[in-house]
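Taking UniProt numbering, the leading residue of the sequence shown gets 1, the next gets one more, and so forth. Ideal Cβ placement from N, Cα and C applies to all residues, glycine included. If you're wondering where the values come from, they're calculated on a predicted model, not measured in any experiment.
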Amino acid sequence: MTKKLLIIHRALAPYRIDFFNELSRAFDTRIYFENHSPDEQSFRKDLLAERICFSYDFLDEGVLGIKNMRIQLVDIVRDFRPDIILSSEFNFITPILLFARTLYAKTAKIVVMCDDNFMQSKATASGIGAKQFLIPKVDGLILCDSRTTEVYRTRFNSTDKFYTFPIIQDDLYIRQQIHLQSFLAKELRNNILGGSSGRIILYVGRLSEEKNLTELISTFSGLLREAPDLHLVLVGDGPQEQQLKSQVGQLKISEHVTFTGKKEGSELYAYYRIPNLFVLPSIREAFGAVVNEALLAGVPVVCSEVAGASTLITPSNGMTFNPFSPLDMGHAIQRVLQENNFTHYSSDILPKSLMNLTFREEMDNLVNYLKQ
């Protein structure tokens with residue numbers, strides 16, 4: 001008999017669709033989202049719908065003005081009687097699910113997905129709070145950063161409870177979508193470089209303080225003195241957009257920096273075909289799903305060591321750096337550019353993926369973990 005899986009997640013984002021698709025195939029699944037869109041982000045619903053192969057619903061608003069006080073979950077557990085409950089992060093929902101299990105699903109396994117990165121895990125391991133109290137109460141914890149997994153295994157003296165699943169997407173699907181944008185990518189690259197043979201550094205994400213883009217632009221300005229063929233492309237929008245544009249103007253490097261605005265779907269995939277290098281310079285980042293997308297496109301990555309996605313980086317596909325050190329960032333970008341004569345953007349053939357693991361294998365292992 002197929003096991004029943006109840007999923008409670010904060011919101012639906014593009015980089016989680018393949019994950020939910022696969023779980024819905026492996027289990028008798030009911031999925032509820034707490035919010036209609038992720039915090040500080042919004043995505044086109046029509047583009048999301050094209051990929052979704054599962055049914056879902058939204059939880060009622062929290063009671064007493066408390067966002068995560070979703071007492072409706074008690075009724076959901078009573079009616080569905082799940083074998084496994086998969087929720088996201090630790091909040092009021094966690095004790096509500098523990099209470100509902102006691103009443104209506106005594107043998108159900110409760111697993112929490114937690115996006116703590118390495119820095120957050122060290123703070124949790126050394127502190128005292130709700131998370132430290134709740135972790136021993138649940139049956140499993142899925143973490144996106146393997147370094148965090150090791151910290152928690154040591155702190156809570158348990159190996160089997162903690163599991164690593166990075167935030168990755170179906171490599172076959174993503175690579176197909178990127179490949180389909182070859183023609184558009186050539187147009188974009190030609191427009192950005194004006195027909196020259198320059199080198200492009202790409203960033204994709206929010207234009208916000210935690211992404212450390214002021215430091216990236218400053219570092220890029222310094223690199224231009226020795227490498228005037230470089231061009232920085234920033235894909236995204238956010239509260240720092242005007243500040244960053246002003247910084248670029250003050251540094252007199254406007255001819256070398258392009259702000260594209262937010263891109264989704266085929267437009268976004270096309271941008272992954274144009275760079276010589278991808279960079280994620282964040283000073284705060286739970287994971288960084290864009291790193292997976294860049295590596296799937298065959299683009300080498302320079303990634304902040306703060307981001308959980310830095311665990312995807314090896315000497316064969318890029319380099320990590322200390323985002324609090326401008327010198328370290330500049331050195332990493334220079335070194336990866338020198339070591340990778342990346343010219344696949346001029347070909348109709350998509351370069352080999354630089355990911356060192358596959359979505360299918362990781363999902364199969366995760367399903368087995370949940371079924372244990």
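Name the residue from Gln334, Ser325, Pro326 and Arg189 whose alpha carbon lies nearest to the alpha carbon of Gly318. Gln334 is the residue among Gln334, Ser325, Pro326 and Arg189 whose C-alpha sits nearest the C-alpha of Gly318.
Backbone CA spacing between Cys144 and Glu40 [nearest angstrom]: Between the alpha carbons of Cys144 and Glu40 lies a distance of about 21 Å.
Under three-state DSSP, which class holds Arg206? When secondary structure is reduced to three states using DSSP, Arg206 falls in the coil class, being assigned neither helix nor strand.
Taking all protein chains shown into account, do 16 or more other C-beta atoms lie within 10 angstroms of the C-beta of Ile167, making it buried, or fewer, making it exposed? Buried, because 16 or more other Cβ atoms sit within 10 Å of the Cβ of Ile167.
Does the distance from the C-beta atom of Ser146 to that of Lys211 stay below 8 Å? It is not a contact, given that the beta carbons lie outside the stated cut-off.
Ignore the nearest five residues each way along the sequence and tell me which others in Leu180's own chain have a CB closer than 8 Å to its CB. Only Ser266 and Tyr269 meet the Cβ criterion.
Quick one: what does DSSP say Arg16 is sitting in, helix, strand or coil? Annotated three-state conformation of Arg16 is helix, per DSSP.
Who are the Cβ neighbours of Val336 in its own chain at under 7 Å, not counting the five residues just before and after it? The answer, listed in chain order, is Leu277, Pro300, Val302, Gly318 and Met319.
Return the CA-CA distance between Tyr272 and Ile217, expressed in angstroms with no decimal places. Approximately 20 Å, taken between the alpha carbons.
Among the candidates Ile110, Lys131 and Asp75, whose CA atom is the shortest distance from the CA of Phe156? Cα-wise, what sits closest to Phe156 is Lys131.
Between Ala13 and the rest of its own chain, which residues show a CB-CB distance below 6 Å, the 5 nearest in sequence each way excluded? Once the five neighbours on either side are set aside, the close Cβ partners of Ala13 are Pro38.
Where Ser87 falls: helix, strand or coil (DSSP): Ser87 falls in the strand class under three-state DSSP.
Drop a sphere of 10 angstroms on the beta-carbon of Met1, count the other beta-carbons inside from all chains shown, and report buried for 16 or more, exposed for fewer. Residue burial annotation: Met1 is exposed, with fewer than 16 other C-beta atoms found within 10 angstroms of its C-beta.
If the criterion is Cβ atoms closer than 8 Å, does the pair Phe359 and Asp170 meet it? Contact: yes.
With DSSP run on the structure shown, which of helix, strand or coil describes Tyr369? Annotated three-state conformation of Tyr369 is helix, per DSSP.
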